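> From first to last, the protein sequence lines stand for chains A and B.
Each residue of the first sequence is one higher than the one before, counting from 1 in my numbering.
Each residue of the second sequence is one higher than the one before, counting from 433 in my numbering.
Glycine residues also receive a C-beta, built at the ideal position from the N, C-alpha and C atoms.
No experiment lies behind these values; they were computed from the predicted model shown.
Dropping the structure in here first, questions after.
Protein chains: 2
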Amino acid sequence: LRTNPAKLLVVGYVGYMLAGWLLLSLPFAHEGPVAAIDNFFTAVSAVSTTGLVTVDPGSNYSFFGELIILLLIQVGGVGYMTIGSFAVMATAHKLSPLREKMARAAFALPKDLKPGHFILTVVIFTLVCEAIGALALYFIFAGAGQEDAVWSAIFHAVSAFCTAGFSLNPNSFEAYSGDVGLNVVISALSLLGAMGFLVIHDVWRNFTSAAFHLGFTTKVILRITGAFLFIGTLVLFVADPGIAALQPTERLLAAFFQTMTATTTVGFNTVPIGALSMSVLMVLFVLMAIGASPSGTGGGLKTTTFAALLAIMRSTLKQRSRVRFFKRPIAASRLQAAGASAVYFIVLLAIAVFLLGLTDPQFAFDRVVFEVISALGTVGLSMGITGDLSSLGKLIIIVLMTAGRVGILTFGIAIAMHDETRAEEEDNELLF
Amino acid sequence: LRTNPAKLLVVGYVGYMLAGWLLLSLPFAHEGPVAAIDNFFTAVSAVSTTGLVTVDPGSNYSFFGELIILLLIQVGGVGYMTIGSFAVMATAHKLSPLREKMARAAFALPKDLKPGHFILTVVIFTLVCEAIGALALYFIFAGAGQEDAVWSAIFHAVSAFCTAGFSLNPNSFEAYSGDVGLNVVISALSLLGAMGFLVIHDVWRNFTSAAFHLGFTTKVILRITGAFLFIGTLVLFVADPGIAALQPTERLLAAFFQTMTATTTVGFNTVPIGALSMSVLMVLFVLMAIGASPSGTGGGLKTTTFAALLAIMRSTLKQRSRVRFFKRPIAASRLQAAGASAVYFIVLLAIAVFLLGLTDPQFAFDRVVFEVISALGTVGLSMGITGDLSSLGKLIIIVLMTAGRVGILTFGIAIAMHDETRAEEEDNELLF
Ligand SMILES: [K+]
Ligand SMILES: [K+]
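Below, the structure is given as structure tokens:
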């Protein structure tokens, strides 16, 4: 019996969400009563590493509850690769050459890595980054006199690396907007998580081995991430009246952090998002929708998808018959996947805004669009309406967070199958 | 010397816009003083058949001024095909086979039609439709006691068929929201213009000749236009509180007319757009962005582009290796053009909203997004901010109206060149 791995992946994610809901519903998981819809919302937000919250996690959940949230984040973030691999492996006792090829394509593994070994390496890389980050955060939090500095350091380090953006502080890191140390540590963790092990691995080998050169995908990811950070910081520094009113250092930090938080889809914030100007909101919309890189823990359409879309536009404008990017032709299947992801994103965005207009008509258009893009991109930033949504509104956001995490990956797996023969492909169609 | 036809087309359009500006600047063109930027805005809005206005045309321009506007609309609407053909012809004394092939591809001409003959046919078709429409409108306006019923009937008939949406009434057709005759005549003219001669020609032959079957493109256009009108009317009928408060007949007319005005990109309205609910605005955003059909006078990304985008998404989701629509494979160049147009549309939308956030920060996000999509799709509906924009804001809208009309067509021409040989293509690249 062969089953579609994309379906198994979705089932796997939903399973973790339901298990998380169950655990968060246990009486000793909260400090006071939390509604069932809010526990479900928190579980989905954690597994999808979105970070949107309808109730403040720090004051509403017990240590046990916060531990569950942390584990869900860790499973969701790292599992973004591993659960998928398990789902593929579940269809066969051992990986057949075809299945292995699919797994490689779907999770962008380099040819010299075995999936099992790869998962272990990712887990070790994750734990090392998080441990170093937690240590650094401990000194910052202890120095600032934050209570439970140890737990807070661990929680926020994991939340940052997994680009979840869950915070135990009611206002995220708004109290640390001028703290250089916190800005650096959280940004470093988020960027490492968002770019992912493969990119870091590639960069590391580039520095240590004279014979090794950066792969094409790594180059694209590094250049686009760099360009986004630079342009975003510049625009937010100049164009937002609220940020411009800060002291020079804090202003630069705030401009960089809010850009970083959108492009890595981590979703922490150091200034109130609801007070940003329309121009800056538009920049954040674009950054959040494009999101992070395919080999990391972040969400969104992915920088590589953006590269493909940009290549389609530029090559068409320049009247080239072949779509190229950095002088390299891009495969038709890749272009199709990029186009499909973007269309799917816009379709979900439009339907969600339409439905939220019916369920929660009191909110302004920009706040609703922000919430929807934030959920679809698994970012977790909000202009402040999440907790005030109706139950139906919360359910819509729950669906978006799930689709945002699972949907785009599903596209990736689907397109990986396109390398199969015609007979294989028709076989797969019948199995749907 | 060979010149790029896309560039010539843009130059041609901008030439008409500047000529229109000059004529509208003549002292006897207005009733009172009109600022230079507003005359320019009106000229660009007319040539691009958008219909956005910063000053009310009926009270600010003299009969001469209104006549100029009408001629600009006529040139812009019908010229959407013909100016392009002239631009292509200008590069060669006679149409070479290659150029003729390009013109056919760019303007979707069937193989048995000669361009010269085609233009003449389109002009006759246009004038006949407009004359019948004007006659019908005359009886409606005269019956309603509208002053200058003859001129008003001619003006609105041309404005409807060319999907320009310019009105001599300050509130468009809000006074006629319950008038069945006006709703039918304006809708018929707009739909004829928006679908275009080729579709009508195809449908006509399908009815008159037993041997003739509808072409694939015609089928796609008819089905999508029909589906949009049905779904849009249903949604607006049910989901908008303002429309729901009307009497049953007027409610149905209003739901249909506002759907029709968005999907044909004509831009007349019978209810105030600024009072519509967020859900309905979202529907209008989608309809306006997709817009009309490629062989008509309307704007937007086009229904055929929408079909291609939908096909990319569905085929990818269904894991087909070939993108199909209605069981027909779609050419890669067509898919590329559709993707490029959509990306280009979104890039322009994001940049425009960003800039308008800087030039006109006092307006709410939904009103600005509405204005931008309306301009890019050459629709002309507005939530009421057009006249209150700053001069820089007006200039941004002017650029959008020009890009909306010229840009997407430029993509079409660009993609038509992809059928050329590699040597031809490189030749073209050098000429850029
Ligand atoms: K997040
Ligand atoms: K229009």
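DSSP state of residue 329/A, grouped into three classes?
Locating residue 329/A in the first sequence gives position 329, where the first residue counts as 1. Three-state DSSP puts residue 329/A in a strand.
> Which residue or residues does DSSP assign as beta-bridge partners of residue 61/A?
What you label residue 61/A is simply residue 61 of the first sequence in a count that begins at 1. Answer is 30/A.
> Which residues in the same chain have their Cβ closer than 8 Å to the Cβ of residue 228/A, if we skip the five residues on either side of it in sequence?
Your numbering for residue 228/A matches position 228 in the first sequence. So the list reads 259, 263, 287, 290 and 303, once near-sequence residues are dropped.
> Can you find a C-beta in chain B that's less than 8 Å from the C-beta of residue 393/A?
The count along the first sequence starts at 1 and reaches residue 393/A at position 393. So no, residue 393/A is outside the interface.
> Please confirm whether any heavy atom of ligand 1 lies closer than 7 Å to the CB of residue 126/A.
Numbered from its first residue, the first sequence carries residue 126/A at position 126. Flag unset: Cβ of residue 126/A not near ligand 1.
> In terms of alpha-carbon separation, which member of 754/B, 457/B, 462/B and 481/B lies closest to residue 807/B?
For the purposes of this step, residue 807/B is identified with residue 375 of the second sequence, where counting begins at 1. Checking every option, the nearest Cα to that of residue 807/B belongs to 481/B.
> Which class does residue 324/A belong to by DSSP, given the choice of helix, strand or coil?
Locating residue 324/A in the first sequence gives position 324, counting from the first residue. Strand at residue 324/A.
> Is any heavy atom in ligand 1 found nearer than 7 Å to the beta carbon of residue 372/A?
Counting from 1 along the first sequence, the entry for residue 372/A is found at position 372. No.
> Please report the residue range of the alpha helix (DSSP H) in which residue 38/A lies.
To locate residue 38/A, count along the first sequence from 1; it is residue 38. Where residue 38/A is concerned, the enclosing alpha helix (DSSP H) stretches over 36-47.
> Return no unless some Cβ of chain B is closer than 8 Å to the Cβ of residue 423/A.
As a working note, residue 423/A is residue 423 in the first sequence. Annotation note: pLDDT 40 at residue 423/A (below 50); position unreliable, coordinate value reported separately. Closer than 8 Å: no.
> Pull up the CB-CB distance for residue 173/A and residue 256/A, whole angstroms please, since I reckon it's below 8 Å.
Translated into positions along the first sequence, residue 173/A becomes position 173. Translated into positions along the first sequence, residue 256/A becomes position 256. Actually they are not in contact, since the Cβ atoms of residue 173/A and residue 256/A sit about 13 Å apart, beyond 8 Å.
> Please list, in chain order, the chain A residues whose beta carbon lies closer than 7 Å to that of residue 744/B.
Taking the first residue of the second sequence as position 1, residue 744/B is located at position 312. Correct list: 336, 339, 340 and 343.
> Can you check which of these residues, 576/B, 575/B, 565/B and 582/B, is closest to residue 593/B by C-alpha distance?
Position 161 of the second sequence, counting from 1, holds the residue named residue 593/B. That would be 565/B, whose Cα lies nearest to the Cα of residue 593/B.
> Chain A partners of residue 741/B, CB-CB under 8 Å?
The count along the second sequence starts at 1 and reaches residue 741/B at position 309. Within 8 Å Cβ-Cβ: 339 and 343.
> Cα separation between residue 677/B and residue 686/B?
The count along the second sequence starts at 1 and reaches residue 677/B at position 245. The count along the second sequence starts at 1 and reaches residue 686/B at position 254. Cα to Cα, residue 677/B sits roughly 11 Å from residue 686/B.
> With DSSP collapsed to three states, give me the class of residue 534/B.
Numbered from 1 along the second sequence, position 102 holds the residue referred to as residue 534/B. Any reading at residue 534/B is ruled out, since the residue's pLDDT is 49, under 50, leaving its predicted position unreliable.
> Is the shortest distance between the beta-carbon of residue 798/B and the beta-carbons of chain A less than 8 Å?
The residue given as residue 798/B occupies position 366 in the second sequence. Chain A contact via Cβ: present.
> Out of 176/A, 125/A and 226/A, which one is the CA nearest neighbour of residue 143/A?
For the purposes of this step, residue 143/A is taken as the residue at position 143 of the first sequence. Considering only alpha carbons, the answer is 176/A.
> Closest Cβ-Cβ distance between residue 809/B and chain A: below 8 Å?
Counting from 1 along the second sequence, the entry for residue 809/B is found at position 377. No, its Cβ sits nowhere closer than 8 Å to a Cβ of chain A.
> Give the single residue among 664/B, 640/B, 639/B and 634/B whose Cα lies nearest to the Cα of residue 651/B.
Residue mapping note: residue 651/B aligns to position 219 of the second sequence, counting from 1. When each option's Cα is compared against that of residue 651/B, the closest is 634/B.
> Measuring only the C-alpha atoms, how far is residue 443/B from residue 799/B?
On the second sequence, residue 443/B is found 11 positions in, with the first residue counted as 1. On the second sequence, residue 799/B is found 367 positions in, with the first residue counted as 1. Between residue 443/B and residue 799/B, the C-alpha separation is close to 31 Å.
> Among 585/B, 553/B and 577/B, which one has its Cα closest to the Cα of residue 499/B?
Residue 499/B sits at position 67 when you count from the first residue of the second sequence. Comparing Cα positions, the closest option is 585/B.
> If you measure from the beta carbon of residue 789/B to each beta carbon in chain A, is any gap under 8 Å?
To locate residue 789/B, count along the second sequence from 1; it is residue 357. At least one chain A Cβ lies under 8 Å of residue 789/B.
> Considering only residues of the same chain and omitting the five flanking positions on each side of residue 737/B, which have a CB-CB separation below 6 Å?
Counting from 1 along the second sequence, the entry for residue 737/B is found at position 305. 770 and 773.
> So, under 8 Å CB-CB, residue 330/A and residue 308/A are touching, yes? Tell me the CB distance rounded to an integer number of Å.
The residue labelled residue 330/A in the question sits at position 330 within the first sequence. The residue labelled residue 308/A in the question sits at position 308 within the first sequence. With a Cβ gap of about 6 Å, residue 330/A and residue 308/A count as contacting.
> List, in order along the chain, the chain A residues whose C-beta lies closer than 7 Å to that of residue 709/B?
Working through the second sequence from its first residue, we reach residue 709/B at position 277. Within chain A, the residues near residue 709/B are 357 and 361.
> Could you work out which residues of chain A lie near residue 736/B, taking near to mean beta carbons separated by less than 7 Å?
The sequence position of residue 736/B within the second sequence is 304, counting from 1. Those do not exist, as residue 736/B stays about 15 Å from chain A at its closest Cβ, beyond 7 Å.
> Would you report the Cα separation of residue 578/B and residue 613/B, rounded to the nearest angstrom?
Stepping through the second sequence from its first residue, residue 578/B is reached at position 146. Stepping through the second sequence from its first residue, residue 613/B is reached at position 181. The straight-line gap from Cα to Cα measures roughly 15 Å.
> So which residues of chain B does residue 141/A contact, with C-beta pairs closer than 8 Å?
Against the first sequence, residue 141/A aligns to sequence position 141. Within 8 Å Cβ-Cβ: nothing; residue 141/A doesn't reach chain B, min ~36 Å.
> What span of residues does the alpha helix (DSSP H) with residue 690/B cover, start to end?
By 1-based counting over the second sequence, the position of residue 690/B is 258. Run containing residue 690/B: 680-695, per the alpha helix (DSSP H) assignment.
> Got a sec: does ligand 2 put a non-hydrogen atom nearer than 7 Å to the Cβ of residue 694/B?
Here the question's residue 694/B lines up with position 262 in the second sequence. Because no heavy atom of ligand 2 lies under 7 Å away, the Cβ of residue 694/B does not count as near it: no.
> Check whether the Cβ atoms of residue 158/A and residue 73/A sit closer than 8 Å, and answer yes or no.
Taking the first sequence and counting its residues from 1, one reaches residue 158/A at position 158. Taking the first sequence and counting its residues from 1, one reaches residue 73/A at position 73. Closer than 8 Å, so yes.
> Taking 7 Å as the cut-off, is the beta-carbon of residue 266/A closer than that to any non-hydrogen atom of ligand 1?
Looking up residue 266/A in the first sequence gives position 266. Yes, the beta carbon of residue 266/A sits closer than 7 Å to at least one heavy atom of ligand 1.
> Is it the case that the region 54-71 of chain A contacts the region 26-35 of chain A, given that we only count it when at least three CB pairs across the two stretches are under 8 Å?
The region 26-35 of chain A vs the region 54-71 of chain A: in contact.
> Hey, is residue 303/A close to ligand 1, as in C-beta under 7 Å from one of its heavy atoms?
Here residue 303/A corresponds to residue number 303 of the first sequence, with the count starting at 1. Not under cutoff, so the answer is no.
> What are the boundary residues of the alpha helix (DSSP H) that includes residue 282/A?
The residue labelled residue 282/A in the question sits at position 282 within the first sequence. Run containing residue 282/A: 278-290, per the alpha helix (DSSP H) assignment.
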